[in-house]
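Working notes, structure below.
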């Protein structure tokens with residue numbers, strides 16, 4: 077009897093163990109999805125000229141970086157997230173990283189590691205940033221990661237699985253697999269020729285994100301114009317931080333009345349930072365480049381998003397960060413007879429030779445459109461026009477009633493961005509998928525790391541706003557506007573900013589000088605602005621939008637943006653410079669000096685400052701070359717009048733200068749052929765990665781051609797008033813084309 081009882085007890089215990097195991101396995105699967113597992117990187121350490129292998133284990137959940145010799149061996153030494161002070165990337169060696177650590181005795185130690193390749197190094201840095209963010213004491217984030225994607229679906233339903241798009245898997249600048257566990261804070265998806273209804277598409281997106289991330293996402297907004305759609309999804313934890321949501325659309329189809337072509341947009345505030353997103357589908361056809369330009373100007377001028385108080389400014393100035401994506405339909409401008417040669421170059425991955433004839437690059441090189449926008453270097457094949465069902469063949473001919481229609485392989489699907497000066501923004505990936513083949517377009521992805529500001533003020537501020545003796549002040553001195561106009565009128569400045577209670581007008585300019593169609597307007601009287609908060613940390617995150625207006629008609633002659641952040645916070649006064657644009661075209665520039673009067677305190681460290689770029693002699697030479705190219709561009713393109721403003725262009729404020737984050741990006745507004753030949757070259761003594769790892773260098777930036785002058789759209793002209801004079805300089809010589817003044 078006792079024996080049977082023992083057997084029964086044993087069976088019950090065994091059954092309990094099996095049930096427990098099943099339950100634990102199920103919980104473990106869910107746990108694995110909800111947490112980032114520890115990830116180990118194999119690296120090399122050079123010690124006494126001897127290269128040794130070691131391993132770095134990143135445990136995001138516990139907030140530890142573990143160093144050990146053997147992958148499966150015991151942990152030898154670890155550092156908590158607070159002891160990891162900084163990561164310093166080498167620009168000269170793309171797989172080298174220096175980790176700055178605080179030891180037990182509060183001493184600073186630098187450890188240098190060589191990763192298998194640059195992608196592994198980037199994946200490691202992203203995991204460390206994720207760990208720092210997760211274990212930060214700050215209540216509000218100062219950095220976000222954003223996924224942007226564009227896909228012309230070709231009026232066909234998507235395949236069952238599209239997760240490779242959101243994981244940034246495919247060709248081009250892609251993420252390392254170690255970063256797969258890091259979900260983005262915001263996903264913005266733009267589609268064209270979308271056959272699904274809104275509910276179906278959102279369900280597919282949420283289901284796909286649920287497969288690959290551990291976060292819950294919420295639909296923030298959606299906007300559809302015919303088959304053009306934009307969807308914004310954000311982590312549930314950020315929902316209360318997002319406000320002031322707005323959407324809008326613009327039709328640019330036949331006679332600007334049909335919505336088969338056009339744009340949809342969405343905007344919102346994330347705490348104290350404004351975001352704008354535009355998804356556009358422009359006119360197709362290689363020969364319709366001028367019509368596409370008209371589409372662009374109409375969208376820029378008539379798409380209404382963001383703060384209504386900023387009505388003097390178009391959408392390119394209204395947001396801290398703006399992203400423009402979509403099927404822009406710009407083609408490779410080569411003869412149809414070159415079709416086979418184009419396909420051959422694509423197979424050889426000689427993209428840079430074809431990008432020299434990319435219409436969008438050519439237009440941007442001539443400052444015809446997307447002024448001051450940036451685009452990451454393209455290292456992926458043309459995304460159009462594929463044979464459906466495969467990515468092995470391009471289908472570049474189509475039989476029409478009028479004959480054979482050619483659609484040469486082209487980069488139709490693009491993502492560009494623009495941020496206020498001195499704002500942190502880094503493009504971390506830019507590429508296209510390989511396994512989504514239902515359309516003749518491949519989906520394109522681009523991910524960004526962007527800086528954001530909080531609605532809350534630092535505790536350093538103990539200022540009584542009623543105490544005039546300590547009230548903060550923003551003072552603008554020696555301001556001067558150079559305008560490409562022949563109009564004779566008086567001018568004043570409008571200042572707009574979230575740090576001001578209301579818009580502020582300056583006094584009228586006291587002096588004007590006119591020379592060869594260029595008007596120099598001098599504002600001798602200082603403009604004093606009173607911020608709503610007298611806190612230096614707060615002010616350093618702010619920007620001033622300025623608008624130069626006529627006193628007679630209140631018409632704008634140019635708009636620009638000035639950053640209040642200075643390189644040295646202790647500096648009392650610093651120069652600024654900003655280009656002026658109106659309706660998307662260059663109209664001059666504005667310069668002067670800013671003096672900030674505010675009590676200073678301890679500045680909080682930003683998460684995006686955790687990763688720095690090493691500045692050695694080689695990199696310094698590259699930076700000097702980039703600054704020289706930028707200065708040459710300012711003299712020949714922005715100034716138009718042929719006059720150079722001083723010799724301090726390389727260090728003035730309000731214009732995107734050479735920064736480590738933008739050094740590798742393709743910003744054709746400050747590019748040169750020499751730069752593409754020198755900056756992109758890899759030095760011969762690059763540290764060797766591991767055996768079998770790919771160390772292929774990226775092709776250089778393309779050499780651009782000449783664009784065309786925009787013409788007036790058939791409806792609702794979006795081009796600037798004829799009061800402006802367009803001046804084009806070539807190698808110092810002036811070629812002035814004047815329009816009749818109003």
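In this note's numbering, the protein residues as written are 77 to 818. Virtual Cβ for every residue (Gly too), placed ideally from N, Cα, C. A quick note: this is a predicted structure, and the numbers were derived from the prediction, not measured.
Contact set for residue i: own chain, Cβ-Cβ below 6 Å, skip 5 residues either direction
i	result
residue 500	527 and 684
residue 264	224, 308 and 353
residue 188	174
residue 612	674 and 676
residue 114	133 and 135
residue 145	130
Cβ shell of residue i (< 7 Å), same chain only, five flanking positions each side left out
i	result
residue 178	159, 161 and 184
residue 156	139 and 140
residue 360	405
residue 445	369, 372, 439 and 660
residue 435	365, 406, 407 and 409
For residue i, the residue or residues it bridges with in DSSP
i	result
residue 191	Paired residue(s): none; residue 191 is not in a bridge.
residue 450	493
residue 378	None; residue 378 has no bridge partner.
residue 618	Residue 618 pairs with nothing; no bridge assigned.
residue 473	482
residue 324	341
residue 186	176
Simplified DSSP state of residue i, which is helix, strand or coil
i	result
residue 822	In the structure as shown, the chain starts at 77 and stops at 818, and residue 822 therefore has no counterpart that could be examined.
residue 499	coil
residue 244	coil
residue 853	Past the boundaries of the shown model lies residue 853; the chain is included only from 77 to 818, so the question cannot be answered.
residue 468	coil
residue 421	helix
residue 311	strand
residue 361	coil
residue 683	helix
residue 459	coil
residue 199	helix
residue 506	strand
residue 181	coil
residue 333	coil
residue 662	strand
residue 649	strand
residue 514	coil
residue 442	coil
residue 105	Confidence is the limiting factor: at residue 105 the pLDDT is only 39, short of 50, which leaves the residue's position unreliable and the question unanswerable from this model.
Cβ neighbour criterion (16 or more within 10 Å) applied to residue i
i	result
residue 123	exposed
residue 628	exposed
residue 554	exposed
residue 561	buried
residue 457	buried
residue 715	Confidence at residue 715 is low in this model, with a pLDDT of 37, below 50, so its placement is unreliable and no value can be given for it.
residue 75	Since the first and last residues shown for the chain are 77 and 818, residue 75 lies out of range.
residue 358	buried
residue 663	buried
residue 523	buried
residue 607	buried
residue 411	exposed
residue 647	exposed
residue 658	buried
residue 577	exposed
residue 234	buried
residue 630	exposed
residue 269	buried
residue 150	exposed
residue 301	buried
residue 595	buried
residue 742	Low per-residue confidence applies at residue 742: pLDDT is 44, beneath 50, and the placement is therefore not dependable, though the value from the model is reported in the following sentence. It counts as buried.
residue 413	exposed
Neighbourhood of residue i by C-beta, 8 Å cutoff - its chain only, sequence neighbours within 5 removed
i	result
residue 255	198, 199, 202 and 203
residue 386	393, 394, 572 and 621
residue 219	205, 209, 500, 525, 526, 527, 528, 682, 683 and 684
Task: Runs of beta strand (DSSP E) wholly within the stretch 132-170 (minimum 3 residues, chain order) - done: 140-144, 153-156 and 160-165
- [ ] Could you pull out every unbroken beta strand (DSSP E) segment of at least 3 residues lying fully inside the stretch 561-611, listed in chain order?
- [x] 567-572, 587-591, 594-599 and 603-605
- [ ] Please specify which runs of the beta strand (DSSP E), each continuous and at least 3 residues long, are wholly inside the stretch 380-416, giving them in chain order.
- [x] 397-403
TODO: Return the chain-ordered ranges of every alpha helix (DSSP H) run that is complete within the stretch 257-306 and spans a minimum of 4 residues.
DONE: 274-288
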